[in-house]
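Step one of this worksheet: look at the structure below.
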Amino acid sequence: MIRAISSLSLGLLLSGCSNISVVDSDTKDAPNQAMATVPVAASPIPDYQLNSPWYTDAQARVARSLAMGGSKDKARNVVIFLGDGMGISTITAARILAGQQSGNSGEENRLSFEEFPVTGLVKTYNVDSQTPDSAGTMSAIMTGVKTKIGVFGVDERVVQEDCQSGQNAELLSLLEIAELAGKATGVVSTARITHATPAATYAKTANRDWEDDAELSDDAKAQGCEDIAAQFLASRERLNAQFGSGVSNGIEVALGGGRRHFLPDSEEGGRRADERNLIAEWQSAYPDGSYASNKSELASIARAPVLGLFSDSHMAYAAERAVPGADQPSLTAMTLKALELLQNSDEGFLLVVEAGRIDHAHHAGNASNALNDTIELSEAVAAVMKNTAADDTLVMVTADHSHVFTMAGYPKRGNPILGKVVPPWSDEPLLDDNGLPYTTLGYMNGRGYRDHGEQLNADSTYAEPPLGGRQDISDVDTTKPGYHQEALVPLSAETHGGEDVAVYATGPGAEGAMGSVEQNQLFHVMLQATTWEAEAAARVEELKSAR
17 MIRAISSLSL GLLLSGCSNI SVVDSDTKDA PNQAMATVPV AASPIPDYQL NSPWYTDAQA
77 RVARSLAMGG SKDKARNVVI FLGDGMGIST ITAARILAGQ QSGNSGEENR LSFEEFPVTG
137 LVKTYNVDSQ TPDSAGTMSA IMTGVKTKIG VFGVDERVVQ EDCQSGQNAE LLSLLEIAEL
197 AGKATGVVST ARITHATPAA TYAKTANRDW EDDAELSDDA KAQGCEDIAA QFLASRERLN
257 AQFGSGVSNG IEVALGGGRR HFLPDSEEGG RRADERNLIA EWQSAYPDGS YASNKSELAS
317 IARAPVLGLF SDSHMAYAAE RAVPGADQPS LTAMTLKALE LLQNSDEGFL LVVEAGRIDH
377 AHHAGNASNA LNDTIELSEA VAAVMKNTAA DDTLVMVTAD HSHVFTMAGY PKRGNPILGK
437 VVPPWSDEPL LDDNGLPYTT LGYMNGRGYR DHGEQLNADS TYAEPPLGGR QDISDVDTTK
497 PGYHQEALVP LSAETHGGED VAVYATGPGA EGAMGSVEQN QLFHVMLQAT TWEAEAAARV
557 EELKSAR
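Right under this line is the structure:
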């Protein structure tokens with residue numbers, strides 16, 4: 017066991033955080049630096065990460081925000097919620113839908129996180145793409161450094177699909193820093209646990225699609241690449257090998273989908289060509305741990321570690337999981353279970369929660385599921401706020417990127433947000449120049465119009481070809497969950513949007529998220545809200561001296 021960090025050693029490490037100096041930067045792809053902070057002495061974060069202009073600029077900006085005022089308290093715990101694809105238009109429409117579901121007009125409603133005292137706008141671009149993907153964006157949030165589209169856990173020197181190019185560009189994530197500091201860690205997602213957003217907390221890859229070994233190219237295998245599911249299993253030992261045996265206990269709670277990437281292809285639903293059963297290997301590596309495959313098994317678990325894989329691929333949409341007899345837990349149930357288990361730690365915790373299927377519903381062109389999954393995220397946030405203390409827990413809610421999802425026309429107040437546009441001066445829907453009604457919500461591109469009625473699965477449209485242009489929806493009930501909105505440009509799937517997304521924050525250090533911020537700055541908000549970097553440095557140094 018590692019001894020507790022002495023107040024003297026921690027104080028010495030923390031003392032290096034306060035110095036600020038002015039520097040210039042001519043780096044082409046990074047922002048100009050106003051100032052840079054001196055890193056924590058003996059930080060476990062690699063020098064090239066600490067010295068990246070992306071890192072130093074964001075680090076300094078957060079330090080400056082905190083120095084201008086706000087709480088001097090440090091957070092013991094951090095909870096970050098990611099609404100994947102939850103752009104501002106999605107938040108607005110979900111707010112109205114939630115209000116209307118409660119019997120009100122909707123516009124005056126607030127989602128739980130809209131009550132947070134700090135709000136900012138987040139610039140989401142990747143270093144090589146104006147409109148980003150979930151890999152590069154979540155990597156920025158987890159490492160403090162922006163990177164390329166389609167990769168995570170590595171900096172912009174990486175060449176996509178070139179494993180060796182990433183081996184000297186690996187970044188230390190916030191989750192790994194928390195592990196080194198002795199904190200309990202948890203990852204919850206309604207997507208596959210190996211999908212870009214949750215995987216960016218623990219894995220490093222030159223291709224976000226390498227979720228199991230069967231998806232690795234021959235070149236990648238020859239270069240020694242490890243697939244993402246295998247990296248999940250090896251995450252504890254990788255940290256222990258790099259920083260000292262016993263420094264990491266591993267991820268205490270991991271809940272989501274993606275079972276197929278953990279099972280051999282000889283088993284039903286499995287995809288692994290190497291015939292490894294990573295679930296069985298996890299159970300062997302964590303003999304005191306529990307594995308759950310449905311909501312009743314999860315509910316019965318009383319202690320960590322726990323691995324829960326509730327579907328072969330992504331979990332069902334919130335509307336499907338809410339029907340009687342559904343065996344998958346809700347996002348709120350997973351979040352509360354993770355919180356319950358992580359709060360057993362005496363050292364504090366990091367919890368990362370993703371509402372992953374907001375994104376997938378938008379890609380399918382189905383606003384109903386996207387908005388209802390956003391409402392479910394709001395409910396999970398509310399549950400966390402009821403079960404944590406405001407003075408020791410930083411809670412942030414944000415998105416990785418937006419979507420080309422619009423809210424338009426001139427509907428009257430209280431008009432069904434999923435309905436056709438009915439103006440304040442009439443009781444009949446407005447008509448376009450072709451004499452056709454149109455909906456308030458729509459997409460700039462994507463799969464286009466479908467009428468699937470009461471179908472709760474937004475992905476049902478993928479069996480049909482995309483359909484762009486205007487359709488006559490006069491006799492269609494567009495408020496049904498299976499309705500897919502019209503799209504201007506027909507594509508096989510709707511795309512992400514490139515505009516800023518919102519961040520909402522409350523608790524110690526929340527002020528660092530205020531204003532217009534680069535996405536990688538969110539990492540520094542969380543890191544500077546805590547003493548985790550210094551605690552991690554002290555634990556690593558203590559292990560070195562004990563050898």
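If you count the sequence shown from 1, position 135 lands on 151 in my numbering, and the numbers rise without skipping.
For every residue, glycine included, the Cβ atom is placed at its ideal position computed from N, Cα and C.
Ile96 sits in a strand when the DSSP states are folded into three classes. Between Thr201 and Ala207, the C-beta gap is not smaller than 9 Å, which leaves the two residues out of contact.
Residues Val437, Val438, Thr456 of the same chain have their beta carbon placed closer than 8 Å to that of Asn431, with the five preceding and five following residues left out of the count. Between Val204 and Thr351, the C-beta spacing is below 9 Å. For Leu447, the closest alpha carbon among the candidates Thr72, Tyr426, Ala219 is that of Tyr426. According to the DSSP assignment, Ala156 belongs to the alpha helix (DSSP H) that extends over 150 to 159. Annotation for Ala236: Cys179 place their beta carbon closer than 6 Å to its own, counting only its chain and skipping 5 residues before and after. One Cα belongs to Gly160, the other to Ser181, and the distance between them is close to 20 Å.
If you draw a 10 Å sphere on the C-beta of Val269, you find 16 or more other C-beta atoms in it, and that means buried. Its chain contains Tyr333, Glu336 as the residues whose beta carbon lies nearer than 7 Å to that of Asn473, once the 5 sequence neighbours on both sides are disregarded; these appear in chain order. For Met412, no alpha helix (DSSP H) run applies; the uninterrupted beta strand (DSSP E) run containing it begins and ends at 409 to 414, by DSSP. By the Cβ neighbour-count rule, Glu480 is exposed, with fewer than 16 other Cβ atoms within 10 Å of its own. Per DSSP, Asp178 has no beta-bridge partner at all.
Per DSSP, Met423 is one residue of the beta strand (DSSP E) stretching across 421 to 423.
Closest option to Asn360, judged by alpha-carbon separation, among Glu502, Leu543, Gly462, Arg319: Arg319. Judged by DSSP secondary structure, Arg254 falls outside any beta strand (DSSP E) and instead within the alpha helix (DSSP H) spanning 244 to 259.
Nearest to Lys353 by C-alpha distance, out of Ser306, Ile391, Gly198, Asp389, is Ser306.
Rounded to the nearest angstrom, the gap between the Cα atoms of Val143 and Val174 is 12 Å. Remark: C-beta atoms of Leu347 and Ala371 approach each other more closely than 9 Å.
When Gly115, Tyr465, Glu558 are compared, the shortest CA-CA separation from Gln487 is found for Tyr465. Beta-bridge pairing by DSSP links Ser145 to Asn142. In the three-state reduction of the DSSP assignment, Lys436 falls in the strand class.
Cβ contact annotation for Ala219 (same chain, cutoff 6 Å, sequence separation greater than five): Gly169, Ile244, Gln247, in chain order. At least 9 Å separates the beta-carbon of Tyr454 from that of Glu515. In this structure, the CA atom of Asn403 is about 17 Å from the CA atom of Glu363. Bridge partners of Val269 according to DSSP: Gly202, Val322.
Unbroken alpha helix (DSSP H) stretches of 4 residues or longer found wholly inside the segment 281 to 322: 294 to 301, 311 to 315, given in chain order.
Apart from the 5 residues on each side of it in sequence, Ser251 sits with its Cβ closer than 7 Å to the Cβ of Tyr218, Gly266, Ile267 in its chain, given in chain order. The shortest C-alpha to C-alpha distance from Arg92 to any of Pro524, Asn536, Glu558 is the one to Pro524. Contact annotation: Pro60 and Glu549 have beta-carbon atoms nearer than 9 Å. Shown here for Ala110: same chain residues with a beta carbon closer than 7 Å to its own, the five before and five after excluded, namely Leu127, Leu387, Thr390, Ile391 in chain order. Annotation for Pro506: the continuous beta strand (DSSP E) segment containing it runs 503 to 506. Distance from the CA atom of Tyr520 to the CA atom of Ala156, rounded to whole angstroms, is 17 Å.
The continuous stretches of alpha helix (DSSP H) do not include Val369, which lies in the beta strand (DSSP E) extending over residues 365 to 371.
Nearest Cα to Leu82 within the set Ile209, Ala562, Ala545, Pro482: Ala545. Residue nearest to Asn67 within the set Val556, Ser561, Ala562, Leu187 is Leu187 (criterion: CA-CA distance).
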